[in-house]
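Below is one structure, written out as structure tokens; the observations come after it.
Residue numbers (the numbering used here): 1 to 479.
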């Protein structure tokens with residue numbers, strides 16, 4: 001009987017959804033972090049279940065032909081890049097198969113159907129230096145010096161990082177300045193266990209087109225001592241536009257608090273996706289890979305099939321990123337987002353671009369849309385006779401839009417939202433997903449209520465990691 005701490009030799013056959021190698025030993029399936037398909041490895045058994053187990057990689061006996069030397073020297077220690085040792089061509093193949101397999105296994109669709117829907121994965125020209133945002137936890141090493149980096153996989157132990165190859169080069173200089181400032185002024189880093197210390201995280205954003213840089217320091221308190229000295233050093237960096245504090249005094253692993261104070265410069269930075277300019281504040285959600293995001297949104301716009309006469313709902317609209325893309329070709333766009341600051345940014349972004357045919361609502365999409373549909377449907381059935389023909393036409397287009405675009409969080413859509421979308425009966429639904437597992441579940445629901453999938457396309461937003469985005473065109477059936 002196999003037991004914990006046994007040494008096993010495994011040929012790696014596949015790669016799991018979290019990037020771990022999968023192989024068999026003595027008839028049992030093992031998941032082995034940092035092992036790649038076609039590796040032959042030795043590993044030590046760490047945990048055993050009835051039919052599978054987990055093992056820690058000891059030695060690569062025969063390397064996979066797809067194994068490459070990682071650019072980052074600490075890629076195995078850091079929890080950020082799970083598959084940097086896999087060639088980029090194989091990364092794209094893995095992500096394409098991940099989407100395909102989830103649609104088959106979790107969505108219940110036939111292989112022939114899925115293969116007919118899927119278009120080629122959109123990869124990057126250069127899969128490094130693509131992130132316009134980074135959040136670095138701040139801690140203390142054994143000698144008491146401040147450190148910045150990333151959490152090791154499945155821990156809250158900080159791995160010091162001098163330069164992350166997925167982020168912009170400016171990050172390194174900013175981290176050096178902050179750590180030097182903390183050491184010189186004896187400002188303590190936050191300690192998660194005790195809840196003491198001041199500086200918790202630093203958030204950095206960089207506009208790829210504009211070159212504007214934002215630094216937001218998250219503190220466990222109400223003020224940052226000697227902030228003038230830090231501002232003087234940071235503001236000397238070329239492109240520095242915004243320096244702010246975020247206040248988070250809760251003993252939680254949530255990074256950002258709700259309140260932000262601008263210390264220097266502007267409260268936001270600006271950047272472009274395609275031809276649309278966006279204002280981005282510290283609390284705003286903005287896609288981290290603007291080059292690939294432009295490809296993603298152009299695909300979504302193409303799938304929407306707009307002619308200039310359509311009403312469109314954009315659910316989970318954030319700061320209006322997709323909404324403003326759609327507004328270029330639609331008659332009217334209605335965006336919904338739960339974060340008030342994001343909606344404020346969306347309205348400002350519409351003004352910034354001279355877009356007047358986009359309207360935004362604050363609230364949960366799964367609450368706003370069903371409630372709006374129930375209320376307006378009831379009003380139109382009762383017909384008080386006081387509405388003009390123009391108002392009736394607008395209400396009808398809002399209740400029965402030609403297109404709904406939905407870009408939900410990783411958990412996907414609530415059933416009540418999917419049900420309302422089906423009741424509204426748009427001709428097309430464009431579903432942008434960051435998790436193909438929940439996407440498959442939601443497609444199964446919609447395809448059981450009068451819709452069919454027409455196209456699926458993966459877009460690699462996150463090279464060197466197991467994550468991928470995809471966009472799906474769903475068409476209403478006409479019987």
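A virtual CB, placed ideally from N, CA and C, is assigned to each residue, including glycine.
Check: Cutoff 8 Å; reference residue 443; Cβ partners in own chain excluding five residues on either side; Outcome: 103, 107, 109, 431, 453, 472 and 474
Check: Start and end residues, alpha helix (DSSP H) containing residue 382; Outcome: 365–382
Check: Cβ shell of residue 441 (< 8 Å), same chain only, five flanking positions each side left out; Outcome: 106, 107 and 412
Check: Contacting residues, own chain, Cβ-Cβ under 6 Å from residue 122 (five flanking each side not counted); Outcome: 295 and 459
Check: Simplified DSSP assignment, three categories, for residue 442; Outcome: helix
Check: Any 3 or more C-beta pairs closer than 8 Å across the region 361–372 and the region 400–420; Outcome: yes
Check: Beta-carbon gap between residue 405 and residue 322 smaller than 8 Å; Outcome: yes
Check: Stretch-stretch touch, CB-based, cutoff 8 Å, three pairs: the region 236–245 with the region 206–218; Outcome: yes
Check: Cβ distance (whole Å) where residue 54 is taken to contact residue 463 below 8 Å; Outcome: Wrong, their Cβ atoms sit about 26 Å apart, outside the cutoff.
Check: Of the residues 222, 344 and 252, the one placed nearest residue 194, counting alpha carbons only; Outcome: 252
Check: Cβ distance (whole Å) where residue 282 is taken to contact residue 203 below 8 Å; Outcome: 6 Å
Check: Beta-carbon spacing of residue 35, residue 71 below 8 Å; Outcome: no
Check: Local conformation of residue 279 per DSSP, three classes; Outcome: strand
Check: Own chain partners of residue 364 with C-beta closer than 7 Å, once the 5 adjacent residues on each side are dropped; Outcome: 338
Check: Residues near residue 257 in its chain [Cβ-Cβ closer than 8 Å; skip 5 each side]; Outcome: 218, 246, 247, 248, 249 and 250
Check: For residue 356, the nearest candidate out of 344, 328 and 100 (CA to CA); Outcome: 328
Check: Cα-Cα separation between residue 225 and residue 210, rounded to whole angstroms; Outcome: 31 Å
Check: Residue from 466, 297 and 461 whose Cα sits closest to the Cα of residue 124; Outcome: 461
Check: Residues bridged to residue 475 (per DSSP); Outcome: 428 and 452
Check: Rounded separation between residue 263 and residue 145 - CA only; Outcome: 25 Å
Check: Entirely enclosed alpha helix (DSSP H) segments - the region 130–190, minimum 4 residues; Outcome: 170–185
Check: For residue 273 and residue 293, the rounded distance between their alpha carbons; Outcome: 7 Å
Check: Backbone secondary structure at residue 247 - three-state DSSP; Outcome: strand
Check: According to DSSP, residues forming a beta bridge with residue 59; Outcome: 42
Check: Nearest to residue 139 (by Cα), restricted to the options 133, 166, 182 and 114; Outcome: 182
Check: Of the residues 75, 133, 470 and 280, the one placed nearest residue 409, counting alpha carbons only; Outcome: 470
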